[in-house]
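Structure first, then comments.
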Amino acid sequence: MMKISIILPAKNEAEGLRRTLPALAETLPGAEVIVVDDGSTDETADIARAAGARVLSSPYSMGNGAAIKRGARAAGGDVLVFLDADGQHDPGHIPALLAKLDEGYDMVVGARDGSGQASVGRGLANRLYNRLASWMTGHSVLDLTSGFRAARADKFKEFLHLLPNGFSYPTTSTMAFFRSAYPVAYLPIRVDRRVGTSSHIRPLKDGIRFLLIIFKIATLYSPLKLFVPAAAGFFLLGLGYYGFTFATQHRFTNMSALLLSAAVIIFLIGLVSEQITNLTYRRDP
5 MMKISIILPA KNEAEGLRRT LPALAETLPG AEVIVVDDGS TDETADIARA AGARVLSSPY
65 SMGNGAAIKR GARAAGGDVL VFLDADGQHD PGHIPALLAK LDEGYDMVVG ARDGSGQASV
125 GRGLANRLYN RLASWMTGHS VLDLTSGFRA ARADKFKEFL HLLPNGFSYP TTSTMAFFRS
185 AYPVAYLPIR VDRRVGTSSH IRPLKDGIRF LLIIFKIATL YSPLKLFVPA AAGFFLLGLG
245 YYGFTFATQH RFTNMSALLL SAAVIIFLIG LVSEQITNLT YRRDP
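In short: position in the sequence shown from 1, add 4, done, that's the working numbering.
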C-alpha cells in the first residue's frame, strides 16, 4: 500500500480546519496530515496540533505556493494530496482521486463545477485559462487553477523549483506535468463555500495576477505558441501598412520598418524562450 501525505496550506483558517481535519481523519485514518501554517495570527496551528496533524509554521506569510513547497519537501508519502484548509474541499473525494491515480495517471485534479468559483469574474477568468491551456497542451483541461489534487510524490517534487511562492502553483504544476509527458486526469467534484475569513485575493491584485498567469501558461509549456502568433500579427500589420503607404505615398515609411522589425524581434525572442524552456525541463541521468 502506498503511503499518503495530505498537505493543507493554511493562513488564518482555524474555522475551516475545525471541519476539515476531523473529516480527513475519518476518511483516511492512516494518512500523514501536514498543515503548513503560513504566518497565521489566529488559532490555526493550535487547532491543527490538537487534531493530530503535523504543523509546519512560518514566522511570517510567504504565500500559498511557498506553503505547498514546504509541505511537499517535508512529506514522506508516495502520493501527495493537496487541498485547501478553508473547508471548500470535501475530504470524502480523496479516495476517488486516489483510485483515478491507480489507473496510471501521475496527477489527478479535482475539477470544480460553476458553483465552486468565488465570483462570476473569477469563473470567467478560469474558463479562459482552461481554454488557453487546452489549446497549448492539446489536452482537455477542465480546471487549471484547482488546488485540490493528488500527485505522485517523486514526479511532483521534480518541479518544486518551478513553483512560485504566490497563488499560481496549480497552474505551474499542471503545465509542468503536461510538458514532461506525465499523464494528468480530471475528476469533477463539488466545492462548498469557504469557512471563516473572506478570500485573501484582492480584485486589482488578482486581475494583474490573472494576466501574468496567461503568459506563464504559454511560457511554461511552449513559448513559440505565444510568440509566433504575435510575430505574425506584427508582420501582417507592417506589411499591410506598407501596402497602404506605397499605394498612397509611394514610399516605405518608418512605421512599416518598425512593425516588421518588431515581428522579427518577437519571433527571435520566442526561439530563445523555447530553448530556455527545453533546458528547464531537462533531466540529467
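Quick reminder that beta carbons are idealized off the backbone N, C-alpha and C, glycines included. The model shown is predicted, which means the values in this text are computed figures rather than measured ones.
Can you tell me whether residue i is buried or exposed? The criterion is at least 16 other CB atoms within 10 Å of its CB, across all chains shown.
i, result
"tyrosine 64", "exposed"
"serine 177", "buried"
"glycine 34", "exposed"
"phenylalanine 250", "exposed"
"phenylalanine 248", "exposed"
"glutamine 92", "buried"
"asparagine 282", "exposed"
"histidine 165", "exposed"
"asparagine 130", "buried"
"threonine 141", "buried"
"serine 203", "Note that serine 203 scores 49 on pLDDT, short of 50, meaning its location in the model is unreliable and no value can be drawn from it."
"threonine 149", "buried"
"glycine 108", "exposed"
"isoleucine 221", "buried"
"proline 13", "buried"
"methionine 179", "buried"
"proline 26", "exposed"
"proline 227", "buried"
"threonine 252", "exposed"
"proline 192", "exposed"
"alanine 79", "buried"
"phenylalanine 219", "exposed"
"arginine 74", "buried"
"alanine 236", "exposed"
"isoleucine 11", "buried"
"leucine 128", "exposed"
"phenylalanine 163", "buried"
"phenylalanine 152", "buried"
"isoleucine 212", "exposed"
"alanine 57", "buried"
Specify the secondary structure class of residue i as computed by DSSP and reduced to three states.
i, result
"methionine 111", "strand"
"aspartate 90", "coil"
"proline 227", "coil"
"leucine 164", "coil"
"leucine 191", "strand"
"leucine 21", "helix"
"aspartate 158", "helix"
"serine 1", "Outside the modelled stretch of the chain, which goes from 5 to 289, sits residue 1, for which no answer is possible."
"valine 85", "strand"
"leucine 101", "helix"
"leucine 128", "helix"
"valine 145", "coil"
"alanine 35", "coil"
"aspartate 41", "strand"
"serine 138", "helix"
"arginine 116", "strand"
"arginine 74", "helix"
"arginine 183", "helix"
"alanine 55", "coil"
"arginine 255", "coil"
"serine 172", "coil"
"serine 150", "coil"
"alanine 79", "coil"
"tyrosine 285", "coil"
Taking 7 Å as the limit between beta carbons, can you name the residues of its chain near residue i, skipping five residues before and five after?
i, result
"serine 144", "Ser138"
"glycine 81", "Lys7, Ile8, Ser9, Glu36 and Ala157"
"glycine 242", "Ser260, Leu263, Leu264 and Ala267"
"tyrosine 173", "Asn68, Gly69, Ile72 and Leu167"
"valine 59", "Val39, Asp41, Ala49, Ala52 and Arg53"
"tyrosine 245", "Met259, Ser260 and Leu263"
"histidine 97", "Gly114 and Ile193"
"isoleucine 270", "Phe231, Ala234, Ala235 and Phe238"
"arginine 22", "Ile51"
CB-CB under 6 Å to residue i, same chain, minus the five flanking residues each way: which ones, in chain order?
i, result
"threonine 284", "none"
"alanine 18", "Asp46, Glu47, Thr48 and Ile51"
"tyrosine 190", "Val113, Ala115 and Leu146"
"phenylalanine 171", "Asn68"
"serine 62", "Asp42 and Gly43"
Quick one: what's got a C-beta closer than 8 Å to residue i's C-beta in the same chain, skipping five residues either side?
i, result
"phenylalanine 160", "Ala76, Leu84, Met111 and Ser177"
Using a Cβ cut-off of 8 Å (strictly closer), state whether residue i contacts chain D.
i, result
"valine 83", "The question asks about chain D, but that chain is absent: this structure has only one protein chain."
Say whether the region 224 to 233 touches the region 261 to 280, bearing in mind that this needs 3 or more beta-carbon pairs closer than 8 Å, one atom from each stretch.
Enough Cβ pairs lie closer than 8 Å, so yes.
Counting Cβ pairs, one atom from each stretch, are 3 or more of them under 8 Å apart for the region 179 to 186 and the region 84 to 103?
Contact between the region 179 to 186 and the region 84 to 103 is absent, because fewer than three Cβ pairs lie under 8 Å.
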